[in-house]
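**Student:**
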Amino acid sequence: MTRRRTLLAGLLAGGACALGLPLSVAAPVATSADGRWRIEGRDGAVLVFDGERLAKTLPAQRLGGNERAAVVDVAWLPARRSFVIAFDTLPELWELSVDPLAPPVHDGLVHDYRMGEAIATPGFLGVRRAPLDAPVRALAADARGGPHVLARSADGAWLLINLDVRRAIGRYAIDERRQ
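Using our numbering, you'd call the opening residue of the sequence shown number 94 and step up by one each time.
1. How would you write the range of the beta strand (DSSP E) that residue 253 sits in, first residue to last?
2. Could you tell me how far apart the beta carbons of residue 126 and residue 169 are, in whole angstroms, since I believe they sit closer than 8 angstroms?
3. Give a yes or no on whether the C-beta atoms belonging to residue 244 and residue 179 are separated by under 8 angstroms.
4. Thinking residue 161 and residue 154 are a contact (beta carbons under 8 angstroms), I'd like their distance in whole angstroms, please.
5. Just to check, is the beta-carbon of residue 247 closer than 7 angstroms to a non-hydrogen atom of the ligand FMN?
6. Only counting the same chain, and skipping five residues up and downstream in sequence, which positions put a Cβ closer than 6 angstroms to that of residue 152?
7. Between residue 200 and residue 175, how many whole angstroms is the CB-CB distance? I'm expecting something under 8 angstroms.
8. In chain order, what residues of the same chain lie with their CB nearer than 8 angstroms to the CB of residue 122, ignoring the 5 residues before and after it?
9. What's the call for residue 254, buried or exposed, on a 16-neighbour Cβ count within 10 Å?
10. Quick one: what's got a C-beta closer than 6 angstroms to residue 163's C-beta in the same chain, skipping five residues either side?
11. I'd like the ranges of any beta strand (DSSP E) spanning at least 3 consecutive residues and lying wholly in the region 126–208.
12. Can you check which of these residues, 144, 260, 159, 264, is closest to residue 240 by C-alpha distance?
13. Assuming contact is defined by CB atoms lying nearer than 8 angstroms, are residue 158 and residue 190 in contact in what I supplied?
14. Apart from the five residues on each side of it in sequence, which residues of its chain come closer than 7 angstroms, Cβ to Cβ, to residue 197?
15. Nearest to residue 184 by alpha carbon, out of 142, 177, 229, 150?
16. Grab me the residues of residue 251's own chain with a C-beta within less than 6 angstroms of its C-beta, minus the 5 sequence neighbours each way, in chain order.
17. Note down, in chain order, each residue of its chain lying with its Cβ closer than 6 angstroms to the Cβ of residue 124, except the 5 sequence neighbours on either side.
18. Starting from the C-beta of residue 129, find all residues in its chain whose C-beta is less than 7 angstroms away, skip the five residues before and the five after it, and write them out in chain order.
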């Protein structure tokens, strides 16, 4: 069995409970395991709450773009201390870290980030974007941790997305009735 198939089988093991999210229900609101952080998609924006206080508002749009998108799903990744966010018309997946020690985010091409040859934004409450071919409709996150997320594309296929490399690494047709 290939490594990707093993990973996919691990993500699907035990059905929706092992994934941390039901496979068929989109939830545009998610809360961290400790209850401190909450993400809400509302009116073309991503709202980040620290307790009951609004900590940050991010426009739900491409980097440098002006068209707004609606949040269709949010998942909490406890091992990464981050949220993953999917949009209805935006062909990218966001990872938003609530870890104060998160490394900086480098958007675009970088020659050598170790030498400071890039303009970075803070990693804490910053957005790491994973560009996709098309928007996704639902997320299934691995509750055990790791850099992988399953995302349902508009055509019904599931994409295996690696958040570290910020791209889809596999495409699968999954019969959810068996789950």
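Even for Gly, the Cβ is constructed at its ideal location relative to N, Cα and C.
**Tutor:** Straight from the coordinates:
1. Position 160 of the sequence shown, counting from 1, holds the residue named residue 253. Segment 251–255, the beta strand (DSSP E) holding residue 253.
2. Along the sequence shown, one-based indexing puts residue 126 at 33. Along the sequence shown, one-based indexing puts residue 169 at 76. With a Cβ gap of about 7 angstroms, residue 126 and residue 169 count as contacting.
3. Taking the sequence shown and counting its residues from 1, the one referred to as residue 244 is at position 151. Taking the sequence shown and counting its residues from 1, the one referred to as residue 179 is at position 86. Going by C-beta atoms, residue 244 is nearer than 8 angstroms to residue 179.
4. If you number the sequence shown from 1, residue 161 lands on position 68. If you number the sequence shown from 1, residue 154 lands on position 61. Yes, they are in contact, since the Cβ atoms of residue 161 and residue 154 sit about 6 angstroms apart, within 8 angstroms.
5. This structure lacks the ligand FMN; in fact it carries no ligand of any kind.
6. The residue given as residue 152 occupies position 59 in the sequence shown. Excluding positions up to five away in sequence, the list reads 138.
7. Locating residue 200 in the sequence shown gives position 107, counting from the first residue. Locating residue 175 in the sequence shown gives position 82, counting from the first residue. The Cβ separation is near 16 angstroms, so there is no contact.
8. As a position in the sequence shown, residue 122 is number 29, starting the count at 1. Closer than 8 angstroms at Cβ, skipping near neighbours: 131, 132, 133, 134, 167.
9. Here residue 254 refers to the residue found at position 161 when the sequence shown is read from its first residue. With 16 or more other Cβ atoms within 10 Å, it is buried.
10. Translated into the one-based positions of the sequence shown, residue 163 becomes position 70. Excluding positions up to five away in sequence, the list reads 181.
11. 130–135, 138–143, 146–152, 164–170, 175–180, 185–190
12. As a position in the sequence shown, residue 240 is number 147, starting the count at 1. When each option's Cα is compared against that of residue 240, the closest is 260.
13. Indexing the sequence shown from 1 puts residue 158 at position 65. Indexing the sequence shown from 1 puts residue 190 at position 97. It is not a contact, given that the beta carbons lie outside the stated cut-off.
14. By 1-based counting over the sequence shown, the position of residue 197 is 104. These residues qualify, in order along the chain: 213, 214, 215, 216.
15. Mapped onto the sequence shown, residue 184 falls at position 91. Comparing Cα-Cα distances from residue 184 to each of 142, 177, 229, 150, the minimum goes to 229.
16. Translated into positions along the sequence shown, residue 251 becomes position 158. Closer than 6 angstroms at Cβ, skipping near neighbours: 243, 245, 265, 267.
17. Against the sequence shown, residue 124 aligns to sequence position 31. Correct list, in chain order: 131.
18. Taking the sequence shown and counting its residues from 1, one reaches residue 129 at position 36. Taken in chain order, the residues that qualify are 143, 144.
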